[in-house]
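Structure first, commentary second.
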Ligand code: PMV
């Protein structure tokens, strides 16, 4: 029996702008999805979503992982168990984490010899098949861990501060939000294009501050990034409530992470303020998680 796990991620900078080729900075977080695999007579996939065989409706990612890995190893039966601490569909990269952890678990079980770059690439192709279109960001960060500049795939210094995540609990469709931004951009390119360029420049400027571990400056820039995301229409009342609750209780920074609309926001904290920020988020009725950056991408448990 083999167990592998992979982390989720947050965006420090650059969501939406990255869709148009601008830079973003992503950070792997220490909230992981575990995938346990063992050989057996038939294919069984177990998770909180149920117990199925290959099933593209209930277990789309794991089903594709099994099918794809049949190109690298010969097997008929398999038992796969998924246990995730990442909230599903909230922009924290739960689908990428289950995909890359699944690929690595089968890679170990059958000795396929896949390297990390292969895992990130196969993971991205699976996300694309399931979602229609997906950026390589989530699968890359989940595979490699750390803090990564996208699309350059450059590793930056680790982030050494507590990260507080607030989850509005409201489903947000990445596809829809990306389409809304595209529509706005199509209508008002003179206004929206410079905003997206500014977000990209912010990532480029922030790289140096991340590498210097200057969290106050990173935080100030993240707050500007939040304002620009709001400006392009991916904010919302629930996200704003959490962002301001976090800032008012001492967060160095608070912004949307991911597609926006609903989903999650992220705050940078210091060792003394993390609990207070999480409480302020919970007091609004939302869910809060305290985590940290992890340097460990996909790993064998
Ligand atoms: O909410 P998530 O984790 O799916 O992130 C979406 C990030 C976008 O930049 C809006 C889209 C993308 O594919 O990069």
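Numbering (my numbering), first residue to last: -17 to 283. We put the CB at the ideal spot given by N, CA and C, even for glycine.
Checklist line | Neighbourhood of residue 185 by C-beta distance below 6 Å, restricted to the same chain and skipping five residues each side | finding: -5, -4, 5, 6, 7
Margin query: residue -14 and residue 202 - do their beta-carbons sit closer together than 8 Å?
Written below: For residue 202 and residue -14, no; Cβs fall outside 8 Å.
Notebook entry, point to check: Who are the near neighbours of residue -17 in its chain, counting only those whose CB is closer than 8 Å to its CB and skipping five residues on each side?
Noted result: Within the same chain, residue -17 has close Cβ partners 18, 19, 20.
Check: Does the beta carbon of residue 159 fall short of 7 Å from some heavy atom of the ligand PMV?
Finding: yes
Checklist line | Integer Cβ distance of residue -10 from residue 74, believed to fall under 8 Å | finding: 4 Å
Check: Hey, how far is the Cα of residue 149 from the Cα of residue 270?
Finding: 6 Å
Checklist line | Candidates 72, 3, 60, 108: closest to residue 28 by CA position | finding: 60
Next item on the list: For residue 219, collect the residues of the same chain with a Cβ closer than 6 Å to its Cβ; drop the 5 residues on either side in sequence, then sort them by chain order.
Entry: none
Check: Mind checking residue 170: buried by the 16 CB within 10 Å criterion, or exposed?
Finding: Per the 10 Å Cβ criterion, exposed.
Next item on the list: Compute the minimum distance between the beta carbon of residue 180 and the heavy atoms of the ligand PMV, and state whether it is under 7 Å.
Entry: Incorrect: residue 180 has no Cβ contact closer than 7 Å to the ligand PMV.
Next item on the list: Would you check if the segment 222 to 235 and the segment 125 to 141 touch, i.e. whether three or more CB-CB distances between them fall below 8 Å?
Entry: No, the segment 125 to 141 is not in contact with the segment 222 to 235.
Notebook entry, point to check: CB residue 197 to CB residue 250, shorter than 8 Å?
Noted result: Yes, the Cβ-Cβ distance between residue 197 and residue 250 is below 8 Å.
Checklist line | residue 174, enclosing alpha helix (DSSP H) - first and last residue | finding: 171 to 194
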